[in-house]
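Colleague: Structure provided below as structure tokens; questions to follow.
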Amino acid sequence: MNKRKVLIFDWGGVIAGDNNKIASKILSDKYDLDYNKLYNFICDTENKYLDVKYESNFFLEIASEFSLSVDEVRNELEKVGPNKEILNLIFKLKKKYDLFLLSDQITFKSNDIRKKLLPNPFVKMFFSNELELSKYKSNNIIYDVVLDKINSEFDYNSNYEVYFIDNNKTNIKFANKTKINGILFETFEKLVLDLKKLNIL
């Protein structure tokens, strides 16, 4: 019997661009700030809140550090949406496979993603802030948790193959330590080739 295929996608760097990089570029150019300092501070601040349900001080911490307004920081970080080419591919894959999203996000971003993914092509979206467990901090634990949830909630009886698409080599390494097959995302064209080699496309 052929095993059912399940595809799990990451968000930032795969479906959408890196909003931290894009916001840092816009704000550093506009206010003559040090891009690297701003970008690293945003990432470090975000990482503190990846596995908690609320991040009430996230925007304030960034705004205060660089003398920016909270609203402007938020607006720039919310601007990035899904890549149309990738999204079209995802909706094509949805016709044949069950698709899931697994992404390290803080609460405001997971809420924003839900608004931007309408209609939603995913059976379920798993966010680190809601799981209270992140890829960044948990090594491979989060992947086992997600596999358990897929098994228990969707009754696949373990008769399936899981592929995880992420642009981060470390995440792929830890996913591969579980029953997940990692696919490193580099470009859209490379992803298409990889999926064809696996007879997914």
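Residues in the sequence shown are numbered from -3 upward in steps of one, following our numbering. Where is the CB? At the ideal position from N, CA and C, for every residue including glycine. Note that the structure is a prediction, hence the values are computed from the model and not measured.
Please look up how many angstroms separate the CB atoms of Val69 and Asp162, rounded, as I've assumed it's under 8 Å.
Modeller: Rounded, the Cβ-Cβ distance is 26 Å, inconsistent with contact.
Colleague: Would you give the residue range spanned by the alpha helix (DSSP H) that Asn167 belongs to?
Modeller: Looking at the DSSP string, the run of the alpha helix (DSSP H) that includes Asn167 is 165 to 171.
Colleague: Can you tell me which of Asp28, Asp100, Ile109, Phe87 puts its alpha carbon nearest to the alpha carbon of Val76?
Modeller: Nearest C-alpha to Val76: Ile109.
Colleague: Okay, do the region 55 to 69 and the region 81 to 96 touch, 3+ Cβ pairs below 8 Å being the bar?
Modeller: Touching, no.
Colleague: Rounded to a whole number of angstroms, what is the C-alpha to C-alpha distance between Gln101 and Ile18?
Modeller: C-alpha separation (whole angstroms): 16 Å.
Colleague: How would you write the range of the beta strand (DSSP E) that Tyr159 sits in, first residue to last?
Modeller: Tyr159 -> beta strand (DSSP E) spans 156 to 162.
Colleague: Could you give the distance in angstroms between the alpha-carbon of Lys145 and the alpha-carbon of Leu194?
Modeller: Looking at the two C-alpha atoms, the distance is approximately 25 Å.
Colleague: Kindly give me the distance between the Cβ atoms of Phe55 and Tyr45, rounded to whole angstroms, as I take these residues to be in contact under 8 Å.
Modeller: Wrong, their Cβ atoms sit about 11 Å apart, outside the cutoff.
Colleague: Specify the secondary structure class of Leu29 as computed by DSSP and reduced to three states.
Modeller: Reduced to three states, the DSSP call for Leu29 is coil.
Colleague: Taking the DSSP output, what are the residues bridged to Arg110?
Modeller: Answer is none; Arg110 lacks a bridge partner.
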